[in-house]
Structure formats: structure tokens, C-alpha cells
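Chains as they are written, first to last, in full-length UniProt numbering: chain A, 1 to 315; chain B, 1 to 315.
Protein chains: 2
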Amino acid sequence: MSRCSRFVVSALRRSSSTLQCVRGRGVPPQLSVSSRLQQRRGQHTHSPASLSDLGRSDGGHSVYPFTWLRDNCQCPMCTLQSAQARKLLVGDLDVNIRVDSVELTADNKVSVVWQGQHSSVFDCDWLKRRCFSAAARRTVQEELFLSERVHWGSSLRVPTAHFHEVLQDDRAALAWLLTLRRVGVVLLRGAPPEPGHVARLAERIGYLRLTFYGHTFKVQDKPMANNVAYTAEKCSFHTDYPALHYPPGVQFLHCINQAARGGENLLVDGFHIAEKLRAEDPEAFHSLSSLAIDFTDTGSDYCSFKLQAKHRVIQ
Amino acid sequence: MSRCSRFVVSALRRSSSTLQCVRGRGVPPQLSVSSRLQQRRGQHTHSPASLSDLGRSDGGHSVYPFTWLRDNCQCPMCTLQSAQARKLLVGDLDVNIRVDSVELTADNKVSVVWQGQHSSVFDCDWLKRRCFSAAARRTVQEELFLSERVHWGSSLRVPTAHFHEVLQDDRAALAWLLTLRRVGVVLLRGAPPEPGHVARLAERIGYLRLTFYGHTFKVQDKPMANNVAYTAEKCSFHTDYPALHYPPGVQFLHCINQAARGGENLLVDGFHIAEKLRAEDPEAFHSLSSLAIDFTDTGSDYCSFKLQAKHRVIQ
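Written out as C-alpha cells, the structure reads:
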């Protein structure tokens, strides 16, 4: 059992330690984990391998503020285990909390005893996943948000997938979703030519969003159309539902009857255009990305509606 | 019939006109309407009263860019009448379009003939409603978005309304909604103590938003709770659904069984707190309003879910 607080002084003297309790001036007290030094002390019984990678990508050094550790205490009093959610009341958190001791336990956990008797035990993998280093955070963010994007022009060959494979095969569904996330559009082939299959597809991955046009709606030529999409005329490039406070990120279109003539769908990558505009006409880009525009949608479909929202054209 | 383009020169000479066609240098060509001068020319047959208020609140002067007028042409070729929506394709709009003539017609409309033969007729009230003056825009924005807000502290007497009145009486429903919009919270009294009445209330004014917790959900003590709200313990102040990309603006809670002890609801006005924080601790305000925080929600309710979103705490 290597008691951190014991070797802080000697660690600072040697400029090396497995775990540092840093109480710098002007910075909040924090727990500091140095991987390079971990490795040098690899022979130490309580220097766990799982800790030795902590923060390596950012110079081999990870720092965890003590206040953050206390706020994230994983004990059953502070965290509801079944929800993995915070139970500790914000008002009960002492942001100036002080530490009695920090230890590496025999089973490779970091144990912190706080002044006032409460103690917290952190699993090394748990800490590692929450490493504050820029590189580690980038990795976690990429895992959480899949931020890889392809921006495309007219040379794009629209990626395709098979409707029935996506419905039946989990791997095909995942591949479809990852492509949709990365490229923004996927053409699914083979859906039967009757209504109802948009709903099947949505239920495959989540649930439909109800709007004032209903759960789904028919885009077809209608008398007294309350939307230009409900006519046979050509539409300008557009995003859908700009009059919603939160326009949808993804929309499903199911072509049931193809027009004998016309009826082409033209697609454009708004992100690509925005980047081009930023480069070629910064003033226009600034206007479109800073001025909020009024959007109105009014009429009657699933219900009567008169919607009004304010958005920048480029967000 | 007073042909605008004819009297521009004399108008500029006299520094007065009913309608000015302004073709300034360095600014786009535009239609300018001066109300003060309108009034001075009140004896003029074609100086309609409805135009004489145009832009009065902003110094009696309204300016409409010709490009904007062409873009907003209300004729059946450019606007789908049944939807009151633009049909003119963006690609077909000539942003450098020139004007052949501008006229006030006998029935008090502004007629613009564009080079290339197309013509537009604008109703004076339609123009007035779209006046570009700052004051006129403020008025329209207030009508559209009801931006009046009350920020409150502990002295608030929570406004109340009656559940059945709101359901049955349109004026009571409107009063409830306006108060909800202005104050952020309204206590409805008299709802029957059984499930289902949240849905009735929602259907009164719109429709429920489906989330991974279902259309509605029971907040009650549950074994293996997947949310701290599903326990009997005290919750910190919170907003709901921060792990949604678009957290809800309004939430309905229906108290069906009141606890014998405890069970208090504490409310706080986040906008009020944010303003206080901005004044008292600008650095903290800056952090909370600029740093995006990861929010996670995971579990199973209406369906299995693992949600991840990134928001600033103060938006």
C-alpha cells in the first residue's frame, strides 16, 4: 500500500513519482498521475499497468482536480448505481474540499479519503477514460459523436444500401447508419413500392418524430397545396422544416411512384457549400451565419399550425 | 397615376416625395417610402393614407431593397397562393435586377415593372408589415415571439390557473399559455388524481413529444431506477433531458399522489440565476456559457437508449 501523501515530498525532491498529490499555488488541489514515471517505477508492486498509459498521448501526464473527483465519487451514497447517475446534491458538494490521503490499493484502484471522513475509490480504467488530456478527450469525443465527415461536391457517387438487408441484418444497419452519419445521404434500394416502409425503417433504429405534418406525410401534387413540396413544380434547394425550433437532422424519403418525366432529386452538401462560401465570400458567409432569419409555416395537415422560428441560415 | 421614376429627380431637388426610387451609389437600388412627406402631400390623389404610416416609428422613412421586392414578388408565378410560400427558384432570382418603373396604382398598391417584363404588385399593408425600420421590426418580433419575460426570485407567487377552465375555455387557455410564456411556470389546480390528464392538457394545445421515456412517464420510486428521478431521494436543481440534442422548453408534471412527508417541488428561474451570476462572477458565467459539457443518458424505458449530447450549461 503506497500512501501517496507520504511520498509527495520525496517525489517532488526526486521530480518523479507514481502518483503526485499536487497542491500548487494558484491552482486548485489536484491528483496528478504521471505515466512516464509510472513506467520507471514499473517494479513497484502497486504501480498498475493500467495506470501506466494514463494520459500518455498528452505527454504522459494526467491531472484530476480533487473537486472534480469528489463531485464524481462513485460510491452508492454519491452515485445511483442502477442509473450510473449523480445522487450527490450540488448544494452538498464542497468545492474547497481537502484531502486526508490518496492511496493506490492492492487491487489497482485509487482511494481518496476526504477531510470529513467520506472516501472515494476510483477504478483506474474509469479514470483513464476520463483523462483530461486533449488527445484523450479527442478520442472519447470521436467515440461518442462519430465526428468524421465527408464533404462532397458533384463527383459524389451516392452511397447505397439494401432496404431489406438494413432491416434484417444488424451489421448492414450499422454500416448504413455510419455512412449516413459520415456522408449525410444514403440511397436504400429495394423498398416495396407502397406506403408504410418509412415507418418500418424508423422503427428499426428509433422512432418517428411527430410534427404538424403527422408521423409521416405524402409528398404529392395536391389541390390547394399548403406546401410547395405538394405541387409538381421544381423546388429550390432547401432544408426541411426550418420553421421548427429544432429542424430535423435526418429525413427519410420513400419514392413510391416515379414520374414518367422529371421528378429528379438534386442533392447538395450544405457543409461543403458553406466552406466554399466562407473561402470565396467571407462577408456573405458572415451574414448568413450571424443574422437570424424568420421562418414561418402555416396551414393544416395533421393539425392546424402556425409556426414561427428564427434561425441563422448557416449554423 | 404618379410614376415614381419620373419624379425622382424633382423629388431629390425638393428633398421630398411620396415615393422615392433611390439608386444611391454604393448601396443597392431600393424603393424608399417617406411618411412625413406623404402627409405633406396628403392632397395628392394617389398618396394613400395606408402608406402614410409606413415606417413612421423610425423617423417616417421606409426602404425596401429592389432585390428583396423581386424575391418577394407575390404574383402566382412567384408565390404559391394556397401556401403563401415562395415558388420563385433561388437560381432564377437576378440579384442585380433593374426596375423599369414604380407606380402607385389607383387601388393603393405599389406596382413595380422589372426589366425583362415581369411585374410585381405589393399591397401597402403587406409592405408596412415588412417595414425594415428597427422599431417596426421590434413590434413584429414581439407579436411573433412574445418575448416579454418575468425573471423571478424567491418572492414569486407562482401563478395559478384551473385545469378544467384551461381545458374548456379558450380565453383561459390563452391566458395560461401567455403566463407560462412570460413567467415560465404555472400551477394548474383541479386536475383529477389519476393518470392521463397530462395527455389531455397536451392535446389541448398541441401534441406530446415522444422520447425514449415514452409519450408520458411515471415519476415514482422504482427498484433499479434508471433515473435519479425514479427514487424517493431529493434531486438537485436540474433541467430535464439535457442529453437530448434539443431539450424540451416546457414540461408538464401531474402530482397524483402527494407524499405524506417531503415531496416538495423547488423551482428556480434559471434566467434570473444566470443574470445574477453574470453580474457577480463573470468568469464563472463565461465558463458555463462557453464550455460544452457532455451529457449522457442510458437505460431502457419506452425503448433502450444511450444518448449523448453536448451543450453549454447556460445557452
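Beta carbons are placed, not taken as given, at the ideal position from N, Cα and C, and that holds for glycine. Everything numeric in this text was worked out from a predicted model, so none of it was measured.
Per DSSP, which one or two residues make a beta bridge with residue i?
i	result
L187(A)	T160(A)
W114(A)	V99(A)
H311(A)	I293(A)
A136(A)	Partner(s): none; A136(A) has no beta bridge.
L80(B)	A85(B)
G299(B)	F305(B)
T211(B)	G214(B)
Kindly indicate which three-state DSSP category residue i falls into: helix, strand or coil?
i	result
L167(B)	helix
G270(A)	helix
K109(B)	strand
K306(B)	strand
G91(B)	helix
S287(A)	helix
L104(A)	strand
T179(B)	helix
F252(B)	coil
E143(A)	helix
K276(B)	helix
R70(A)	helix
V228(B)	helix
K234(B)	coil
W152(A)	coil
A243(B)	coil
Q39(B)	Low local confidence applies: a pLDDT of 32 at Q39(B) is under 50, so the model's placement there is unreliable, with the coordinate-based value given in what follows. Looking at Q39(B) - three-state DSSP - the assignment turns out to be helix.
A172(B)	helix
P282(B)	helix
R129(B)	helix
For residue i, which residues from the same chain have a beta carbon less than 6 Å from its beta carbon, with the 5 sequence-adjacent residues on both sides left out?
i	result
D269(A)	H151 and W152
T298(B)	K306
V198(A)	T216, F252 and H254
F122(B)	V110
N226(B)	G299
R181(A)	L146
I256(B)	P193
V183(A)	V150 and P159
Mind checking which residues open and close the alpha helix (DSSP H) that includes residue i?
i	result
I205(B)	H197 to I205
Need the endpoints of the beta strand (DSSP E) that residue i sits in, please.
i	result
V121(A)	S119 to D123
Excluding five sequence neighbours on each side, which residues of the same chain lie with their C-beta closer than 7 Å to the C-beta of residue i?
i	result
C75(B)	S120
Q117(B)	none
V228(B)	C235
A191(B)	F163, H197 and H254
I273(A)	none
R290(B)	It should be noted that the sequence gives Ser, not Arg, for residue 290(B). Once the five neighbours on either side are set aside, the close Cβ partners of S290(B) are R312.
Under 8 Å Cβ to Cβ from residue i, same chain only, skipping five residues before and after it: list those, please.
i	result
T296(B)	A243, K306, L307 and Q308
A172(A)	A161, H162, E165 and V166
A284(A)	L277
F132(B)	G55, S62, V63 and Y64
L188(B)	T160, A161, H162, F163, V166, W176 and L201
Taking 9 Å as the CB-CB cut-off, is residue i touching chain E?
i	result
L201(B)	Looking at the structure shown, chain E is missing, and the protein chains on hand are A and B.
Q) Mind listing which residues of the stretch 145-171 of chain B have their C-beta closer than 8 Å to chain A's C-betas, in chain order? A) F145
Q) Going along the chain, which residues of the stretch 92-120 of chain B sit with their C-beta nearer than 8 Å to a C-beta in chain A? A) Correct list: empty, as no residue qualifies.
Q: Determine which residues of the stretch 280-294 of chain B have a Cβ less than 8 Å from any Cβ of chain A, and write them out in chain order.
A: Going along the stretch 280-294 of chain B in chain order, one finds D294 with a Cβ nearer than 8 Å to chain A.
Q) Looking at chain B, which residues of the stretch 245-257 of chain A have a Cβ within less than 8 Å of any of its Cβ atoms? A) H245, Y246 and G249
Q) When you check each C-beta in the stretch 206-235 of chain B against every C-beta of chain A, which residues fall closer than 7 Å? A) Y207, L210, M224, A225, N226, N227, V228, T231, E233 and K234
(Q) Which residues of the stretch 73-86 of chain A have a Cβ closer than 8 Å to any Cβ of chain B? Give them in chain order. (A) L80, S82, A83, Q84, A85 and R86
Q.
At a CB distance below 9 Å, what residues from the stretch 131-145 of chain B approach chain A? Give them in sequence order.
A. V140, Q141, L144 and F145
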